[in-house]
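In this note's numbering, the protein residues as written are 201 to 570. Note that the Cβ used here is the ideal one computed from N, Cα and C, for glycine as well. Here the structure is a predicted model, which is why all the values come from computation and not from measurement. Data block below; observations after.
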Amino acid sequence: MTTSSRIFDVVQAMSGQKNVIIIPRPYLQFFGEDQQAYQLAAVLNQLVFWSGCGSREDGWFYKTHEELGEEIELSKDQVRRIVGKLESKYLAGVLDTATRRLNNGDSVKHYRLDGNRLVELLFPAANNAESSPFGNGEGAVPEQHMRHSGMAEAPFDRNGGSAVPILYTDLNSDHNSQIIKPIGQPQAADPQQVDSLKIDYNAVLEAFHATLPEMPAVLKMTDSRRKTLRNLWKDYDLTIEKWGAYLRYIAKHCRWMLEDRPDNSAGKTWRKKHFDYLITEKCYLSVKEFRANDLPKVARVDNTERDTAFVRLVAQGKKPNGRIEELAKASAGKAGLGRMSEVMARASWKSIWMQAVTQASEEDLARIAS
């Protein structure tokens, strides 16, 4: 084999549909100056394509990080991070993800794209010619432009078949049917419904810190927290007002979440709850279903405190300190402990003190719940 022939073999290996990764320019423009714009656009490109290949009516499809990485020459960890960034920063409310189990028992990442919403993000509605993405004053994407705008073929799939995304044209396919092919999930009936999912994360944290100052402060709204909060927001139709009401209910009726609780039997301490716990579905449902309300406090008697109070209040006639002593002294006066022998008075005092402790505990609980 001659050197020139070998060089041409190398050129052939770098040419052709299956050996080239081409990214639509609108994707790159959408991600702007992000340092990972090319990786973001490449992953989105593949997700858009595969969303049109699934057979499920609800728009869900699955693809492993390894498979996506092989298609665009990224590692599975790079794909995982890019997908997380797409979901939390750029495509919130557009790209949904879930880990689901397949029939063979494997857990695989599933995706669903709102195609109409994605198009709105890529090509926002223009009020004039200057703001139109194509500078022609038209809101629609001309077919001729779609065919010649640099949107080329995607990589071949594992079986050698042509992977043709919705925004691409395949020279061997019918152009018209290719352009109108739907992407993933249908558009919501009311466009404002999608916009209502936008969360003011600063307002969320401000309400949390102001309402539950006993809990540890949140230093950073991480991508993981944003994702969990968004899922809760969507599943239960939350608003910032409902979020505030949820926090206020916890502050009034679920005080146990705000306290470190010693477990004497195990010799350890249960730590107070925190923001990450509050935004879980488990916590939200337990609060909404009234399963997280404070339990009545168990009245405990300190024998030393009781006996000391007897000497001060009954034998010496001093003023009471605190609500328990107030109740106990009032009951002792009614029962006439001052006219009894010390033995009988102390015996009656035990019952009086226990009743006072129980009543004071019930008053504390009623005050918290009011």
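Residue from the options whose Cα sits closest to the Cα of residue i
i: residue 260; options: 278, 313, 424, 322; result: 313
i: residue 412; options: 231, 444, 266; result: 444
i: residue 522; options: 535, 561, 318, 537; result: 561
i: residue 227; options: 283, 419, 242, 221; result: 242
i: residue 414; options: 438, 474, 449, 429; result: 474
i: residue 308; options: 535, 267, 295, 273; result: 267
i: residue 494; options: 551, 557, 454; result: 454
i: residue 556; options: 545, 543, 506, 546; result: 506
i: residue 427; options: 271, 273, 291, 533; result: 291
i: residue 571; options: 318, 439, 524; result: This structure cannot speak to residue 571, because the chain is shown only from 201 to 570.
i: residue 547; options: 519, 524, 503; result: 503
i: residue 432; options: 446, 419, 420; result: 446
i: residue 274; options: 258, 551, 236; result: 236
i: residue 489; options: 233, 249, 450; result: 450
Buried versus exposed, by CB contacts within 10 Å (16 or more), residue i
i: residue 245; result: buried
i: residue 324; result: exposed
i: residue 315; result: buried
i: residue 436; result: exposed
i: residue 549; result: buried
i: residue 492; result: buried
i: residue 321; result: exposed
i: residue 416; result: exposed
i: residue 239; result: buried
i: residue 471; result: exposed
i: residue 296; result: buried
i: residue 286; result: buried
i: residue 533; result: exposed
i: residue 563; result: exposed
i: residue 408; result: buried
i: residue 220; result: exposed
i: residue 501; result: exposed
i: residue 269; result: buried
Residues sharing a beta bridge with residue i, DSSP
i: residue 592; result: Any property of residue 592 remains undetermined from this structure, which presents the chain solely from 201 to 570.
i: residue 308; result: 300
Assigned secondary structure, residue i (DSSP; H/G/I helix, E/B strand, else coil)
i: residue 292; result: coil
i: residue 490; result: coil
i: residue 556; result: helix
i: residue 299; result: strand
i: residue 261; result: strand
i: residue 435; result: helix
i: residue 563; result: helix
i: residue 235; result: coil
i: residue 411; result: helix
i: residue 323; result: coil
i: residue 455; result: helix
i: residue 518; result: coil
i: residue 417; result: coil
i: residue 269; result: helix
i: residue 424; result: helix
i: residue 399; result: coil
i: residue 253; result: coil
i: residue 243; result: helix
i: residue 274; result: coil
i: residue 178; result: Because the chain spans 201 through 570 in this model, residue 178 falls outside it and cannot be assessed.
i: residue 523; result: helix
i: residue 450; result: helix
i: residue 501; result: coil
i: residue 223; result: coil
i: residue 544; result: helix
Within-8 angstroms CB hit, residue i to chain D
i: residue 528; result: In summary, chain D is missing from the structure at hand, where a single protein chain is found.
When the Cβ atoms of the region 513 to 532 are set against those of the region 472 to 483, are three or more pairs found closer than 8 angstroms? In short, these stretches do not touch, since the Cβ pair count stays below three.
Do the region 453 to 463 and the region 506 to 518 touch if we need at least three Cβ pairs shorter than 8 angstroms? Segments in contact, no.
Is it the case that the region 484 to 495 contacts the region 539 to 546, given that we only count it when at least three CB pairs across the two stretches are under 8 angstroms? By the Cβ criterion, the region 539 to 546 is not in contact with the region 484 to 495, since fewer than three pairs of Cβ atoms, one from each stretch, lie closer than 8 angstroms.
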